[in-house]
Amino acid sequence: MARLRGDFWTGLGVVLLGLLLVFVAVPEGVVSPRSVRIAVLSPAFWPNILAWLLVVLGGVLAIRAARTEAPDPVTAQASSGRAAGLARLAVFAVGVVLVCLFATTLGLVWTAMLAFFGVVLLTGTRHLLAAIAVAVLLPLALYFFFNHVAGVPIPQGVWVRLP
Amino acid sequence: MSFADTLVAAFSLVAHWESILYLALGVTVGVVAGAIPGVSATMAVALTLPFTFALEPIYGILLLLGVYKGGIFGGSIPAILIKTPGTPASSATTLDGYPLAERGEAGRALGVALYASCIADLISNLSLILFAGWLASFALSFGPPEFFALIVFSLTIIAGVSGDSLIKGLIAAAGGLFLATIGLDLVYGTDRFSFGDPNLMGGLNFIAVLIGLFALPEIIAHVFRAKEDVHDPARALGGGWATLGDLRRCLKSIVRGGLIGVVLGAIPGVGGAPAAFLSYSEAQRTSPNRANFGKGEVEGVAAAEAGNNGVCGATLIPLLSLGVPGDVITAIIIGAFMIHGLQPGPMLFVTNADIVYALFMGLILSSIFLLGIGSVAIRIFRLVSDIPKSVLAPAVLVLCVFGTFAINNSMFDVAVMFAMGGLGYLMLVLGVPAAPFLIGFILGPLLEDKFRQSMLMSGGAPEIFVRSPITWLFWALTALALAFIIASLRKSWRAAGTASET
C-alpha cells in the first residue's frame, strides 16, 4: 500500500514535469523556423506530444494511487536509518560534484583513488586492506589500459604525472 | 561479392587469434560477472562497452556477445549454489537447482545447467543464422513508413520490460523518448534543448546514459544502505558431476526449452525469464518425473537453463535483420554497432555481410567456449561469490568514470553519467523501471526520423502509414500486442482491487 500511495506523488510529479515541459521547456528550448508549413514537421511537434503523454500518464498513475488505502506507518527506527542514509547520499552528491569539477586539475587517476576511498569511508568496510589495494591498483590499471593500449588521453592533472 | 567470397572473408575475420581471444575473454568476463550476486549481465555488458572503443569492430562486438552469453549462464551458478539468481532469467533454475545443492548434488545440477545452456545456445545460434538473413532480405524493401510501423510495434517491448507497473514503464519510455529529442533538429538543424551548448548539440551520449542508468543506481543504493549483502553460504559441489545418462534423460526438455527460447527471444521484449518459466512448466507437464519438480529434479534445471539460454541468439534476429533490439542487452549492443560505424538492420547484410557472417561463426564458437569456461567457473565460484559489496561498489564506480570518460575524452559525459545515475536511483526508489527508459532513448530518434521522413514524402498526408501490406502487418501486430497488454493490465488492476478490498 505504501508503494501505491507513493505512486500518487510520483504521478503528480510526472504531471508537473510534463506541464513544465509543455509550457516552459519546449517554448524556450526548441527553435522552430517560421518556414515550417506542415505542423507535424515542426521541431517542437514531437517534444510536445511526448510532454503531453507524460501529463496524461502521470495523471493516470496519480488517480489510480489516490483510490487506494493510506500508507503503512513508518517506524522510528526505520526513520532514523533513512535519515542517516539520506545524509550519506548528500555527502555522495557533493563528492560527485567535486569529482566533475576537479578531475581534470587533479588527474583522473588520483581523483578516482580519492573517490574510491571516499565511498569506502562513507559506507564502511570490514575489508580495509583489500579496499586499499583495489583503490590504488584499479585506477592505475585502467590508466595504463586506456592511455597506453586504447590511446585515450586520460587527464594527468597538474601536479603528479604518470608515465 | 558472391556468397562464397563473403563466407571466406568472414572466416578470415574469425579465424584470427585476436577474435578467438576476445570472444573467450568476453565469455570469461560474462560468466564471472553473472556469478557475482548484484552484478547483472546487463551491467557487465554496459561496463565492458567502453573497453571495445579501441578494438576492431569484429573484436569489440564478439567481446560483448561473449559477455552477454557468459553472463546469462553465469547467473545460474549463484542460483544453484546460494539460492540467489545472478540474473532474473535464472530464477526458474533456483526451483530445482538449490534443492539439488542442499542434497549435496550441486556439481550434478551445475553440470546439467552448463550442458543445457550450451546446447540451447547452439540451437539459438543456428536459428539466428537461418532466419536473420531471410528476414533482412524481406526488410530491404521497407521504406520510412514501414520502418515507422515496425518501430511502433517494437515499442510494445516496453510492456515486457516494465515489471510490475505498465503505467510506470510507459512513463519511463516517454521520458527516454523525450530525452532523445535533445540536440540539433534533424530536418531544420535548429536547437532543441541544447541552449547553444556544443556539448548538447549532438544529443546526450548513449553510453553515458546507459552506464548511468544501469550501473550507478546499485552503487548509490549501496551508499544509502551502507551494509554488506549477506547471502547463504555457497554449497559444496559434492562428489558427483552430470553424467551422460543425465544428459540423455534431459535432452528432450533441453531441445524443447531451446526452441521455446528461440520463439520467445525473437519477439522483442519477452526476454529470458518467461522463456525459462515456460520451458520449465512444459518439462514438468510432460516429464515422467513431474512429482520431483521443485524438490530437486535435474530435468527442471535443464529445462529452465535451456529456456533462458535459447533466448540469447534469437534476440539478435530482430537486432541484425531489422535494427530493433530484442531486449535491454541487445539495445546496448546496438550502441556498440553504432560506435563502430555499423548500422544494424537489413543494409548491414549488404554493406558488411562479412562482419555479419563472422559474427555468426563467432557465436557458434562461443557455445563451445561456454562449455569449457563454464566448467572452470563452476569450480572457482567461491572466489567471486564472496567479493564484499563494500569493495565491489567503489570499484564499479571507478570503472564507470573511466569508461564514460573514454567515450569522447570528456568530463561532460561523466557529468551526464552521474546525472543519469541520480535519475536511475530515483526511478529505482519510486519503482519506475529503467529498461523502458533506455529502449525509448534508443528508439526515439529512429521513430521521429522515420515519422518525419514519411511526412515529408507524403506532404503531410497520414495515409502514407497504411500504404502497403507490410505497414498493415505491423499495425495489426501492434494492435494484437496492445490487446494483450490491455487484457493483462485489466486483470492485474482487478487483482489489485480485490487485494485492497480484503
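Chains as they are written, first to last, in this note's numbering: chain A, 1 to 163; chain B, 1001 to 1502. Positions of the beta carbon are idealized from the N, C-alpha and C atoms, including for glycine.
Could you tell me which of the options sits nearest to residue i, measuring between CA atoms?
i	options	result
L1259 (chain B)	B:G1203, B:V1209, B:E1282	B:E1282
R1256 (chain B)	B:L1122, B:G1444, B:D1197, B:L1095	B:L1122
F1381 (chain B)	B:S1076, B:V1429, B:I1058	B:S1076
A1314 (chain B)	B:A1041, B:S1454, B:L1065, B:A1054	B:L1065
V1548 (chain B)	A:G85, A:T68, A:A51, A:R34	Not covered by the structure: residue 1548 (chain B). The range shown for chain B is 1001 to 1502.
V1416 (chain B)	B:P1436, B:E1297, B:L1213	B:L1213
D1372 (chain B)	B:I1036, B:S1117, B:T1042	Looking at the sequence provided, one finds Gly at residue 1372 (chain B) rather than Asp. Closest by alpha carbon: B:S1117.
A112 (chain A)	A:A135, A:G124, A:L128, A:A93	A:A135
Y1115 (chain B)	B:I1061, B:A1306, B:R1290	B:A1306
F1360 (chain B)	B:F1402, B:K1491, B:A1132	B:A1132
P155 (chain A)	A:L108, A:V91, A:L50, A:T68	A:L108
P1433 (chain B)	B:V1328, B:Q1453, B:A1393, B:I1486	B:V1328
S1279 (chain B)	B:N1308, B:F1293, B:G1265, B:A1291	B:N1308
I1332 (chain B)	B:L1023, B:P1085, B:G1030, B:L1438	B:L1438
A1120 (chain B)	B:K1252, B:G1189, B:A1435	B:K1252
G1310 (chain B)	B:A1275, B:L1110, B:A1041	B:A1275
L1047 (chain B)	B:P1318, B:A1291, B:V1209, B:E1146	B:V1209
L1342 (chain B)	B:I1061, B:L1426, B:A1041	B:I1061
A1377 (chain B)	B:G1030, B:P1394, B:V1396, B:L1446	B:G1030
I49 (chain A)	B:G1175, B:A1044, B:K1491	B:G1175
E1218 (chain B)	B:V1039, B:T1087, B:Y1357	B:V1039
P1436 (chain B)	B:P1268, B:P1318, B:A1487	B:P1268
Can you say whether residue i is buried or exposed, counting buried as having 16 or more other CB atoms within 10 angstroms of its CB?
i	result
H1222 (chain B)	buried
N1409 (chain B)	exposed
T1156 (chain B)	buried
T1052 (chain B)	buried
E1463 (chain B)	exposed
W1493 (chain B)	exposed
F1195 (chain B)	exposed
D1589 (chain B)	No statement about residue 1589 (chain B) is possible, as the shown extent of chain B runs from 1001 to 1502 and does not include it.
M1 (chain A)	Bear in mind that the predicted position of M1 (chain A) carries a pLDDT of just 48, short of 50, making it too unreliable to give a figure here.
W46 (chain A)	buried
S1124 (chain B)	buried
S1127 (chain B)	buried
F973 (chain B)	The structure shown does not extend to residue 973 (chain B), since chain B spans only 1001 to 1502, so no value can be given for it.
R1108 (chain B)	buried
L54 (chain A)	buried
L140 (chain A)	exposed
D1413 (chain B)	buried
Since residue i sits in a beta bridge, which residues does DSSP pair it with?
i	result
V30 (chain A)	B:R1192
What does residue i reach in chain A if we use C-beta pairs closer than 7 Å?
i	result
D1185 (chain B)	P43
Y1188 (chain B)	P33, P43
A1406 (chain B)	F146, A150, V152
I1485 (chain B)	Residues of chain A passing the Cβ test: none, with the nearest at roughly 14 Å.
K1491 (chain B)	Those do not exist, as K1491 (chain B) stays about 15 Å from chain A at its closest Cβ, beyond 7 Å.
H1222 (chain B)	T123
A1054 (chain B)	V149, A150, G151
For a contact defined as C-beta to C-beta under 9 Å, what are the partners of residue i on chain A?
i	result
A1226 (chain B)	A84, G85, R88, L122, T123, G124
T1181 (chain B)	V30, P43, W46, P47, L50
P1437 (chain B)	Checking the sequence, you will find Phe at residue 1437 (chain B) rather than Pro. Within chain A, no residue comes near F1437 (chain B); the closest Cβ sits about 12 Å away, beyond 9 Å.
G1039 (chain B)	A quick correction: the sequence has Val, not Gly, at residue 1039 (chain B). Under the 9 Å cutoff, chain A gives no residues; its nearest Cβ is about 15 Å from V1039 (chain B).
For residue i, go through chain B and note every residue whose CB falls closer than 9 Å to its CB, in chain order.
i	result
T104 (chain A)	M1411
V94 (chain A)	Neighbours of V94 (chain A) on chain B: none; closest Cβ ~12 Å, over 9 Å.
Name the chain B residues whose beta carbon is nearer than 7 Å to that of residue i?
i	result
H127 (chain A)	P1388, S1390, V1391
V40 (chain A)	M1455, G1460
V134 (chain A)	V1391, A1395
Just to check, is the beta-carbon of residue i closer than 6 Å to a non-hydrogen atom of the ligand NAP?
i	result
S1165 (chain B)	Among the components modelled here there is no ligand, and therefore nothing to report on the ligand NAP.
Using a cut-off of 8 Å between C-beta atoms, extract the partners of residue i located in chain B.
i	result
G58 (chain A)	I1171
F116 (chain A)	P1394, A1395, L1397, V1398
A131 (chain A)	S1390, V1391, P1394
A25 (chain A)	F1193
L108 (chain A)	V1401, F1402, F1405
Could you work out which residues of chain A lie near residue i, taking near to mean beta carbons separated by less than 8 Å?
i	result
E1448 (chain B)	W46
A1353 (chain B)	Those within 8 Å of A1353 (chain B) in chain A number zero; the least Cβ separation is about 28 Å.
F1178 (chain B)	L21, P47, L50, A51, L54
A1174 (chain B)	L50, L53, L54, L57
| query | Which runs of the alpha helix (DSSP H) fall wholly inside the stretch 1389-1426 of chain B and span at least 4 residues, in chain order? | reply | 1389-1408
| request: At 4 residues or longer, and completely inside the stretch 1282-1328 of chain B: list those alpha helix (DSSP H) runs for me, N to C. | output: 1298-1314, 1316-1322
| task | Counting only runs of 3+ residues fully inside the stretch 1236-1270 of chain B, write out the beta strand (DSSP E) ranges in chain order. | result | none
| What are the complete alpha helix (DSSP H) segments, minimum 4 residues, inside the stretch 73-148 of chain A? | 76-106, 108-123, 128-143
| task | Give, in chain order, every unbroken run of the alpha helix (DSSP H) that is at least 4 residues long and sits entirely within the stretch 1419-1470 of chain B. | result | 1435-1458
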